[in-house]
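**Q**
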Amino acid sequence: MVNTITYQNVHNLFKMNGYHLNRNDLCRVAYSFIKEGEEYEKAVGDFILDWFDNKSYLELNTSGTTGIPKVIRIEKQAMVNSAIATGDFFDLQPGNKALHCLPTKYIAGKMMFVRSFILGLDIDFVAPSSHPLLNNETKYDFVAMVPLQAQNSLTMLKNVKKMIVGGAKMNKTLEKGLCKLKTKVYETYGMTETITHIAAKEIGEVAFSVLPNIKIAKDDRDCLVINAPKISSEAIVTNDLVELINENQFIFLGRIDNIINSGGIKLIPEQIEEKLATMIHSRFFVTAKQDLVLGEKLVLIIEGEQQIIAETVFDVLDKYEKPKEVLFVAKFAETQNGKIKRKEITESI
Numbered sequence: 001m002v003n004t005i006t007y008q009n010v011h012n013l014f015k016m017n018g019y020h021l022n023r024n025d026l027c028r029v030a031y032s033f034i035k036e037g038e039e040y041e042k043a044v045g046d047f048i049l050d051w052f053d054n055k056s057y058l059e060l061n062t063s064g065t066t067g068i069p070k071v072i073r074i075e076k077q078a079m080v081n082s083a084i085a086t087g088d089f090f091d092l093q094p095g096n097k098a099l100h101c102l103p104t105k106y107i108a109g110k111m112m113f114v115r116s117f118i119l120g121l122d123i124d125f126v127a128p129s130s131h132p133l134l135n136n137e138t139k140y141d142f143v144a145m146v147p148l149q150a151q152n153s154l155t156m157l158k159n160v161k162k163m164i165v166g167g168a169k170m171n172k173t174l175e176k177g178l179c180k181l182k183t184k185v186y187e188t189y190g191m192t193e194t195i196t197h198i199a200a201k202e203i204g205e206v207a208f209s210v211l212p213n214i215k216i217a218k219d220d221r222d223c224l225v226i227n228a229p230k231i232s233s234e235a236i237v238t239n240d241l242v243e244l245i246n247e248n249q250f251i252f253l254g255r256i257d258n259i260i261n262s263g264g265i266k267l268i269p270e271q272i273e274e275k276l277a278t279m280i281h282s283r284f285f286v287t288a289k290q291d292l293v294l295g296e297k298l299v300l301i302i303e304g305e306q307q308i309i310a311e312t313v314f315d316v317l318d319k320y321e322k323p324k325e326v327l328f329v330a331k332f333a334e335t336q337n338g339k340i341k342r343k344e345i346t347e348s349i
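So the sequence shown is residues 1 to 349, counted in full-length UniProt numbering.
#1: With distances taken from CA atoms, which of 251, 245, 105 is nearest residue 62?
#2: Within its chain, find whatever has a CB closer than 6 Å to the CB of residue 187; leave out the 5 residues flanking it on each side and keep chain order.
#3: I need the DSSP call for residue 160, collapsed to helix, strand or coil.
#4: Consult DSSP for residue 108 and reduce its assignment to one of helix, strand or coil.
#5: Using alpha carbons as the reference points, say which of 221, 205, 226, 222 lies closest to residue 215.
#6: Using the Cβ count rule (16 or more neighbours within 10 Å means buried), how would you classify residue 71?
#7: Report all residues from its chain with a CB closer than 8 Å to the CB of residue 177; omit the five preceding and five following residues, and keep chain order.
#8: Beta-carbon separation of residue 25 and residue 97 under 8 Å?
#9: CB-CB under 6 Å to residue 235, same chain, minus the five flanking residues each way: which ones, in chain order?
#10: Measuring only the C-alpha atoms, how far is residue 143 from residue 92?
#11: Cutting at 6 Å between CB atoms, please list the residues of its own chain near residue 48, excluding the five before and the five after it.
#12: Which partner residues does residue 124 have in the DSSP bridge list?
#13: Which residue marks the beginning of the alpha helix (DSSP H) containing residue 50, and which one marks its end?
#14: Between which two residues does the beta strand (DSSP E) holding residue 154 run?
#15: Counting pairs of beta carbons, one from the stretch 37-54 and one from the stretch 110-119, are three or more of them closer than 8 Å?
#16: So, residue 308 versus residue 280, is the Cβ gap smaller than 8 Å?
#17: With C-beta atoms as the reference, is residue 138 less than 8 Å away from residue 161?
#18: Run through the stretch 171-230 for me and flag every whole alpha helix (DSSP H) of 4 or more residues, listed as ranges in chain order.
#19: Contact check, residue 10 vs residue 23 under 8 Å by CB: the rounded distance?
#20: What are the partner residues of residue 306, as DSSP defines its beta bridges?
#21: Output needed for residue 32: all residues of its chain with C-beta closer than 8 Å, excluding positions within five of it in sequence on either side, in chain order.
#22: Among 181, 172, 232, which residue has its Cα nearest to the Cα of residue 196?
#23: Does the Cβ-Cβ distance between residue 289 and residue 78 come in under 8 Å?
#24: Apply the 10 Å Cβ neighbour rule to residue 149 and answer buried if 16 or more other Cβ atoms are within range, or exposed otherwise.
#25: Output yes or no for whether 8 Å exceeds the beta carbon distance between residue 320 and residue 253.
Listed below in structure tokens is the structure:
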């Protein structure tokens, strides 16, 4: 099946905003978007024309997850293979109703279109906003959102069968809210280099499970190495510390470049944040600050006005995990998809 489907194919059941569109129709829509559309529609127009041009690849900007942000070349056929793997993993069928509410200039937004073309989804394409389901009573089989969109849609997700959430870490409050719903919700793991997600876990599960045709291993730093021959000709080496359950499942521990060496004790911020998640209700993160005695000391940074934090908040932490200082920042700097800019915030204070 994979060998017979190419990026030039548009499934005969594909629909966008209620209309059956073939390749020629899509190109006409693209020209219209570029000429007369809103900014978010122009990005879609550009993508559609790039997708159906004579090149076998797209050039995309990475987020810097695996290193310095850069422009990389991704084969369109690899994107098709990724779409098919997603369809298999989430049991998506031709004619399934889907919602596209992500910015198309990023890989996640591009891939929602590719999945629709290739798998024959009936897609509603709307402006990317923080309230994507507002005034929308349509029933959807498949939706992709970032955590902020999911948080703002909790009362409206009753009409959604399956949803994937990615782009930024999901907090415990959101996870608890999503667990109460009948909607099947999955947190995804991936990056631009892996053409969005290569693994997912249902809310409440600890370990991520990889999609079809993906194999995983660890390098000598205990960081995840991804072998995905249908997506990348080379192994993708990440900076993500993991615990391998087996060749198909892993637990994400944290980023190796976030590790704090405090007096010879190595601390993983993400694990400390996980423990504090139920104790602190504002956004926060822990980071390192230079210290003459310890080399680096652990600092807790909380979003919001200055306040007194009770010592009992830190009872959930081990001795060495307790912050040596608590700082406050009125408003966290963040990326467009809601990731906190840790480095920028830390440097600013």
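Backbone N, C-alpha and C define an ideal beta-carbon position, used for all residues, glycine too.
**A** On the basis of the data shown:
#1: With distances taken between Cα atoms, residue 62 lies closest to 105.
#2: Cβ within range, chain order: 165, 170, 201.
#3: Residue state, collapsed to three classes: strand.
#4: Residue 108 falls in the helix class under three-state DSSP.
#5: Here the closest residue by C-alpha is 226.
#6: Residue 71 comes out exposed.
#7: Only 151, 154 meet the Cβ criterion.
#8: With respect to the 8 Å criterion, residue 25 and residue 97 are not classified as neighbours on the basis of their beta carbons.
#9: Only 225, 227 meet the Cβ criterion.
#10: Approximately 11 Å between the Cα atoms of the pair.
#11: Closer than 6 Å at Cβ, skipping near neighbours: 26, 30.
#12: DSSP, once it has assigned bridges, lists 99 as partnering residue 124.
#13: Unbroken alpha helix (DSSP H) run through residue 50: 39-51.
#14: Premise fails: residue 154 is in no beta strand (DSSP E) and is neither H nor E.
#15: Yes, since at least three Cβ pairs between the stretch 37-54 and the stretch 110-119 fall closer than 8 Å, the two stretches touch.
#16: Going by beta carbons, residue 308 and residue 280 fall outside the 8 Å limit.
#17: No. Outside cutoff.
#18: Counting only runs of 4 or more, we get 172-179.
#19: Contact flag correct, Cβ pair sits at about 5 Å.
#20: For residue 306, which the question treats as bridged, DSSP gives no partner whatsoever.
#21: In the same chain as residue 32, and ignoring 5 residues on each side of it, the C-beta atoms closer than 8 Å to its own belong to 45, in chain order.
#22: Here the closest residue by C-alpha is 232.
#23: No, the pair does not count as a contact, with Cβ atoms beyond the cut-off.
#24: Looking at its Cβ environment, which holds 16 or more other Cβ atoms inside 10 Å, residue 149 is buried.
#25: Cβ distance not < 8 Å, so residue 320 and residue 253 don't count as in contact.
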